[in-house]
Amino acid sequence: MVIKNVNLETVCGITSTIPENDRFEVAFAGKSNVGKSSLINALMNRKALARTSAQPGKTQTINFYNINDAMYLVDLPGYGYANANIEIKAKWGKMIENYLHTSKKLNGVFLLIDIRHDPSENDQLMYEWMVSQGFAPIIIATKADKLKRSQLPAHLKAIEEVLNVEPGTIIIPFSAETKQGREEIWELIDSLVLV
Ligand code: GTP
Ligand code: MG
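If you read the sequence shown in our numbering, its first letter stands for residue 135, the second for the next number, and so on.
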């Protein structure tokens, strides 16, 4: 995808209705601080259109980025943000679930996992839930710049094993710092939405 124009078109809070877009969407899920908003900025060639933070819990709404009036990249709040109170956590969880359930235009789901660590219990639950809902999540192993290249294969394998991924699941190492993986992710998005 050649980026011509991007625009944060819709912001959905806990009480908002999910928009019924007429163009395809792909969504990015993962625990707080894993790098969802940073990945979306990298995909859009923007430094800070999607707000990022070293503190987990930055994105608290579902944000729809219109790309070239052709499709949407959807930034989701992170799950597992320890400092949010239980009620808020439950509401975000419901909001994410509700979106993944009800969007009629969602053609692809990416699940982001920090390449340095084994997936958490929440990551495993999210992956299993997505599969049970009929999605074939593509895994993005984020922050690849934090490891030596020689360490990547073992970490990718660990993610694959802990999540117990479905056969044929794609796992892409990505870095928002070096942009490693950006082209591969766009190729996948193009194949998901330009049908
Ligand atoms: P929430 O909105 O809280 O759910 O977090 P998020 O998943 O959107 O994470 P965000 O993009 O805000 O990034 C969290 C922190 O990780 C920020 O300090 C980013 O700069 C950093 N970060 C994200 N991606 C990378 C990466 O590829 N490499 C490195 N070194 N840091 C990264
Ligand atoms: Mg975010």
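For each residue, glycine too, the CB sits at the ideal point set by N, CA and C.
It should be emphasised that the depicted structure is a prediction, and the values quoted were computed from it without experimental measurement.
- prompt: Which whole-angstrom value describes the C-beta separation of S330 and K192, a residue pair presumed to lie in contact below a C-beta threshold of 8 Å?
  reply: It is not possible to answer for residue 330, since the shown part of the chain is limited to 135 through 329.
Contact set, the ligand GTP heavy atom to C-beta under 6 Å: G164, S166, N167, V168, G169, K170, S171, S172, T186, S187, A188, P190, G191, K192, T193, P211, G212, T276, K277, D279, K280, S309, A310, E311
query: Which residue from R157, V136, M135 puts its Cα closest to that of E143?
result: Taking the sequence shown and counting its residues from 1, one reaches residue 143 at position 9. When each option's Cα is compared against that of E143, the closest is R157.
query: What residue range is occupied by the uninterrupted alpha helix (DSSP H) comprising A292?
result: As a first step, residue 292 is located in the sequence shown; it is residue number 158 there, counting from the start. Element bounds for A292: 286 to 297.
query: Measuring CB to CB, does I152 end up less than 8 Å from S237?
result: On the sequence shown, residue 152 is found 18 positions in, with the first residue counted as 1. On the sequence shown, residue 237 is found 103 positions in, with the first residue counted as 1. Yes, they are a contact pair.
query: Using a Cβ-Cβ cut-off of 6 Å (strictly less than) and excluding sequence neighbours within five positions of G212, which residues of its own chain qualify?
result: Locating residue 212 in the sequence shown gives position 78, counting from the first residue. Only K165, S166 meet the Cβ criterion.
query: Less than 7 Å between the CB of D248 and some heavy atom of the ligand MG, yes or no?
result: For the purposes of this step, residue 248 is identified with residue 114 of the sequence shown, where counting begins at 1. Incorrect: D248 has no Cβ contact closer than 7 Å to the ligand MG.
- request: List the whole-angstrom C-beta distance separating I148 from K225, where the pair is believed to meet the contact cut-off of C-beta under 8 Å.
  value: Within the sequence shown, numbered from 1, the residue matching residue 148 stands at position 14. Within the sequence shown, numbered from 1, the residue matching residue 225 stands at position 91. Yes, I148 and K225 are in contact; Cβ-Cβ is about 5 Å, under 8 Å.
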